[in-house]
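Single-structure report; data block below.
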Amino acid sequence: MKRSHPFLKSCEAIFARQPGRWIKGVASAYIAYPIAQRREQRDVTSKLRELRHHYRLPKSQRMDIARGKLADIVAFAGHSVPYYRDLFATLKFDPAKLKADTAYLNDLPLLTKDIIREQGDRLLSSPLQGLRHYSCKTGGSTGLSTVIEYDQLAADYSSAVTLYCRESVGNTKRQPELHFACRFPDADYESWPTREDFKCFAMNRSNIFFDRLDDAGLEEIWQTLKARKPYMVHGHPSTIYALACYIERTQGKARAFDVFEPSGELLEPYQRDKIAQALQCRVVNRYGLAELGVMAYELDGKPGMRVLESEGWPESIPGEHGHELIFTGFRNRLMPLIRYQTGDLAEVEAGERGFVLNNVVGRIHDVVTLDGVDYATHTIQDMLDHRVGGIQEFQIDVRGGKPLLKIVPEGHVDPEHISAKVNQYWGTAFDLQFVGHSDFVRVGRHAKFRHVVTQ
269 MKRSHPFLKS CEAIFARQPG RWIKGVASAY IAYPIAQRRE QRDVTSKLRE LRHHYRLPKS
329 QRMDIARGKL ADIVAFAGHS VPYYRDLFAT LKFDPAKLKA DTAYLNDLPL LTKDIIREQG
389 DRLLSSPLQG LRHYSCKTGG STGLSTVIEY DQLAADYSSA VTLYCRESVG NTKRQPELHF
449 ACRFPDADYE SWPTREDFKC FAMNRSNIFF DRLDDAGLEE IWQTLKARKP YMVHGHPSTI
509 YALACYIERT QGKARAFDVF EPSGELLEPY QRDKIAQALQ CRVVNRYGLA ELGVMAYELD
569 GKPGMRVLES EGWPESIPGE HGHELIFTGF RNRLMPLIRY QTGDLAEVEA GERGFVLNNV
629 VGRIHDVVTL DGVDYATHTI QDMLDHRVGG IQEFQIDVRG GKPLLKIVPE GHVDPEHISA
689 KVNQYWGTAF DLQFVGHSDF VRVGRHAKFR HVVTQ
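In my numbering, the protein residues as written are 269 to 723.
Next comes the structure, spelled out in structure tokens:
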């Protein structure tokens, strides 16, 4: 059946309003989701119950638990991970001392993306072969892209954290949510049903696929939002900000959803204000990264991003341009990240509710104009990763008259294949150049890598 079939459109309209909305939410939360968990051999629900219990505890008890987890994951890494085993031996580092004083963690050097890339399998506690695991590629906005390997337990906890945080702002599984996703030119979005449709039903969510941020694209997004009436919208701030500016220009202000949750890039204060005002919604900020998952959230809708100390230990180290944000993750025993340098700036404050992140400065996705159409960087990146393929890293230099796309190809890939694919999707919108990592332009503090060079 085609997704545009009148029957499916009628169902969409029915489930967007009461009582259909309530019926679908109950079926999703209490029937589809448990079935999906069993079929996928996952256990998120018990982790969610564990998190609910943890955050009902007094702060002092929660902090004691966090310190214990810190000592435990560092000890595990020193015993089971070759890189840390050699490092601890060289430094004569004793993880047991962390139980008495977490400041002892400062004796360990920071873990950077470069170290992860250089060490490779030496950062794994077990071989990947025959092990159920998930490979997650970082976005590359705070350094060259890196692949992080998650084990099943870490993946389940990451999902549970997301559910717990959203519950705190009213987005229970009975409430519908909508996720923004990249629209690929050669993908089939009309066929129904697909595996993704069943997944969305179990999660009580829907996807909106977009590839442009001009007026036509933004109007299509707005009409979809009005038709589906989600409780929460999850997407890049730059995308929703563009939508807010469009609505302000064309309608003044209008409402199609209740809560916006940003993802993938820094939510700037001016973006937050515009989104809340023009789209008449509540904005809840969060801090997450591919390497560790969601690590801080405006829980209960209160100002200030609370660090989820059940998931990791935060540090901020004063530097020339601000405080470097460092995290040690607790959950991922396949690839433990000890004192991981996120590449973002933030101050960690110990307050009445626990650790809070202040003055966060992080990853930003630019907008690139190609043949008169605005594309968000993450859209281009998704297409390069999932449709072109064979690309180790890329950078777009827009300082000249025509955007220059620099690509580092994987060693086994024919550059002509990449050229043909780029031409297929973007025509002559780019000048294409194959380079090495050393040929990328570095900007800002510490010659930082960015996917788009503007000056």
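Every residue, glycine too, gets a C-beta built ideally from N, C-alpha and C.
Per DSSP, P683 forms a beta bridge with which residues? None; P683 has no bridge partner.
Runs of beta strand (DSSP E) wholly within the region 560 to 614 (minimum 3 residues, chain order): 561 to 565, 573 to 575, 580 to 587 and 590 to 597
In whole angstroms, what separates the C-alpha of A522 from that of T637? 27 angstroms
Helix, strand or coil, according to DSSP, for E417 in the structure here? strand
Sheet register partners of M500 (DSSP bridge): E445 and V527, per the DSSP bridge assignment.
Could you have a look at C513 and say whether DSSP puts it in helix, strand or coil? helix
Where N374 falls: helix, strand or coil (DSSP): helix
Throw me the rounded Cβ distance for the V437 and V562 pair, which I believe falls under 8 angstroms. So it is not a contact: roughly 13 angstroms between Cβ atoms.
Contact under 8 angstroms by Cβ, R480 with D634: no
Kindly indicate which residue of V415, L421, G503 and P461 has the alpha-carbon position closest to the one of K315. L421
Answer with buried or exposed for V312, where buried requires no fewer than 16 other C-beta atoms within 10 angstroms of its C-beta. buried
Residue range of the beta strand (DSSP E) that G622 falls in? G622 to V629
Just checking my contact of F448 with F478 at CB under 8 angstroms: how many whole Å lie between their CB atoms? 7 angstroms
Relative to the C-alpha of S278, which candidate in Q660, I648 and R496 has its C-alpha closest? R496
Kindly give me the distance between the Cβ atoms of G590 and V629, rounded to whole angstroms, as I take these residues to be in contact under 8 angstroms. 6 angstroms
Nonlocal neighbours in the same chain, by C-beta distance under 7 angstroms from T414, ignoring five residues either side: K381, I384, R385 and T406
How close, in whole Å, do the beta carbons of A339 and K367 come, if the pair is a contact with beta carbons under 8 angstroms? Approximately 5 angstroms separates the beta-carbon atoms of A339 and K367; this is inside 8 angstroms, confirming the contact.
At 3 residues or longer, what runs of the beta strand (DSSP E) sit wholly inside the region 457 to 489? 473 to 478
DSSP beta-bridge partners for C450? F478.
Inter-residue spacing [alpha-carbon to alpha-carbon] between F662 and R710: 13 angstroms
Cα-Cα, which of D482, Y402 and K542 is closest to L602? Y402
CB V721 to CB V690, shorter than 8 angstroms? no
What is the DSSP secondary structure of E280, counted as helix, strand or coil? helix
CA-to-CA distance, G288 to T610, given in whole angstroms: 43 angstroms
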